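Step one of this worksheet: look at the structure below.
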Amino acid sequence: MDFALSEEQTAIFDMARAFGEEHIAPHARAWEAAGTIPKDLWPQVGELGFGGLYVSEESGGTGLSRLDATLVFEALSRSCISVAAFLSIHNMCLGMIDKFASPEMKARLLPDAIALKTIFSYCLTEPGSGSDAAALKTRAARTEQGWSLTGTKAFISGGGYSDAYVVMARTGQDGPRGISAFVVRDGAEGLSFGGLEDKMGWKSQETRQVQFDDCTIPEADLLGEEGKGFKYAMAGLDGGRLNISACALGGAQAALDATLAYMGERTAFGRTIDQFQALQFRLADMECDMQAARTFLRQAAWKLDRGAPDATKFCAMAKRLVTETASKVANQCLQLHGGYGYLADYGIEKIVRDIRVTEILEGTNEIMRLITARALLAERG
Numbered sequence: 014m015d016f017a018l019s020e021e022q023t024a025i026f027d028m029a030r031a032f033g034e035e036h037i038a039p040h041a042r043a044w045e046a047a048g049t050i051p052k053d054l055w056p057q058v059g060e061l062g063f064g065g066l067y068v069s070e071e072s073g074g075t076g077l078s079r080l081d082a083t084l085v086f087e088a089l090s091r092s093c094i095s096v097a098a099f100l101s102i103h104n105m106c107l108g109m110i111d112k113f114a115s116p117e118m119k120a121r122l123l124p125d126a127i128a129l130k131t132i133f134s135y136c137l138t139e140p141g142s143g144s145d146a147a148a149l150k151t152r153a154a155r156t157e158q159g160w161s162l163t164g165t166k167a168f169i170s171g172g173g174y175s176d177a178y179v180v181m182a183r184t185g186q187d188g189p190r191g192i193s194a195f196v197v198r199d200g201a202e203g204l205s206f207g208g209l210e211d212k213m214g215w216k217s218q219e220t221r222q223v224q225f226d227d228c229t230i231p232e233a234d235l236l237g238e239e240g241k242g243f244k245y246a247m248a249g250l251d252g253g254r255l256n257i258s259a260c261a262l263g264g265a266q267a268a269l270d271a272t273l274a275y276m277g278e279r280t281a282f283g284r285t286i287d288q289f290q291a292l293q294f295r296l297a298d299m300e301c302d303m304q305a306a307r308t309f310l311r312q313a314a315w316k317l318d319r320g321a322p323d324a325t326k327f328c329a330m331a332k333r334l335v336t337e338t339a340s341k342v343a344n345q346c347l348q349l350h351g352g353y354g355y356l357a358d359y360g361i362e363k364i365v366r367d368i369r370v371t372e373i374l375e376g377t378n379e380i381m382r383l384i385t386a387r388a389l390l391a392e393r394g
């Protein structure tokens, strides 16, 4: 068993980290204050091949493995979790299109999306259905022109900002088998957006409700087969959980790196605070926890890439472990900065805020525990 990254994987990580340090980190606070990410950033990201990370090479994408993708998101998140996580959402949408859309839809949508000239957002969650996603109420009815969508989606990253939306809507019976997937382009008749949400973190991501009021779209914008939308959505969740875990891990690593530097400069009682044994113990515990989380995340990604029968369980366990570890480490880093950790200038409080939501989205960590427990009971027989 080889735990080392290949030369290619190391190069991918280094390229993403260098790009983030040059083009994202210097602006992250300003983008947070502005409440948006400049759209001219995205084509630069696209030039690196990060717009279609796991879109197949045949479709014009980079064709990376899920393990490779976690390296990209971990590296970019060292500069800004919010930016990296938004890129993850775009890639999840494109992965679904590449895997399930018709050849015509792929040819029509993927080239500009891979180049990040077109930005995609994902619309599943509703005001009344979060963890119980199969209870969604947004409905799509057939018309002579194609489809008419009616309903509301909540907590949508990129709502009112993105160029297109992958939308889950009910076309049939109650439950998961009555759900289909659609692509709705910005500017569609009947598409509107709620007010900008004032969030704890991820403030540079514009987040709004997405509203469909007899929103008309052509037949060609049905993604895949009618009634298969929930299956498509669930197929992307394992990878999404790995990506969001990688974002949390990258942010926590940035906090730990900053804390190590700070402790070597900050003095108290006549010496730098990194010389106090009690604080050294905290550093040691954080390093152990981070290395364990990183190893587990990559093992889960390895299992997903190989189609292991327990991949879903491992993705759920990794999401639970990594995001909670990252939150704990970032909070400890803030504590070790003392009062300075509470100031925006030092960057730690932003990381703490940005990591917190990773325990909620892509399936709450309570749902991750449920998936794990059910898998254990099923394995018991």
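Per the numbering used here, residue 14 is the first one in the sequence shown, and the count goes up by one each step.
The beta carbon of each residue, even a glycine, is placed where N, CA and C say it ideally should be.
Keep in mind that this is a model prediction, so the values were computed, not measured.
C-beta atoms of residue i and residue j nearer than 8 angstroms
i, j, result
"PRO262", "VAL335", "Here residue 262 is Leu; the residue named in the question, Pro, does not match the sequence. It is a contact, given that the beta carbons lie within the stated cut-off."
"LEU162", "CYS106", "no"
"SER193", "ALA177", "no"
"LEU310", "ALA259", "yes"
"PHE327", "GLN312", "yes"
"ILE361", "LEU347", "yes"
"SER69", "ILE102", "no"
"ALA82", "ALA29", "no"
"THR325", "ASP211", "no"
"SER217", "TRP44", "yes"
"ASP234", "GLY159", "yes"
Buried versus exposed call for residue i [16 or more other C-beta atoms within 10 Å across all chains shown]
i, result
"THR220", "buried"
"ARG155", "exposed"
"GLY33", "buried"
"GLU139", "buried"
"GLY283", "exposed"
"THR184", "buried"
"THR272", "buried"
Candidates the options: closest to residue i by CA position
i, options, result
"GLN397", "GLU35, ARG190, SER175 and ALA120", "No statement about residue 397 is possible, as the shown extent of the chain runs from 14 to 394 and does not include it."
"ARG307", "VAL68, LEU84 and ARG387", "LEU84"
"VAL365", "THR75, MET213, SER72 and ARG393", "MET213"
"VAL58", "ALA47, ASP358 and ILE37", "ILE37"
"GLU35", "HIS103, LEU54 and LYS119", "LEU54"
"ASN104", "ARG91, PRO116, SER78 and SER92", "SER78"
"ASP302", "THR138, ALA331 and ILE25", "ALA331"
"ARG152", "ASP187, ASP125 and ALA43", "ASP187"
"SER72", "PRO56, GLU87, ALA46 and SER115", "SER115"
"GLY352", "ASP323, ARG279 and ALA329", "ARG279"
"GLY320", "ILE25, PHE26 and LEU80", "LEU80"
"GLU117", "THR285, ALA246 and LEU236", "LEU236"
Alpha carbon of residue i to alpha carbon of residue j, nearest angstrom
i, j, result
"GLN288", "MET276", "9 angstroms"
"LEU204", "CYS136", "13 angstroms"
"ILE13", "ALA248", "Residue 13 is absent from the model: the chain starts at 14 and stops at 394."
"LEU100", "GLY64", "8 angstroms"
"PHE16", "PHE243", "35 angstroms"
"ALA128", "ILE257", "22 angstroms"
"TRP315", "PHE86", "16 angstroms"
"THR377", "SER144", "7 angstroms"
"PHE75", "ASP125", "Reading off the sequence, residue 75 comes out as Thr, not Phe. Distance between the alpha carbons of THR75 and ASP125 is about 14 angstroms."
"PHE225", "GLY164", "5 angstroms"
"GLY131", "LYS112", "Sequence inspection shows Thr at residue 131; the Gly mentioned does not correspond to that position. Between THR131 and LYS112, the C-alpha separation is close to 19 angstroms."
"LEU292", "GLY172", "43 angstroms"
### Query
Fully enclosed by the region 93-162, which beta strand (DSSP E) runs are 3 residues long or longer?
133-136 and 152-155
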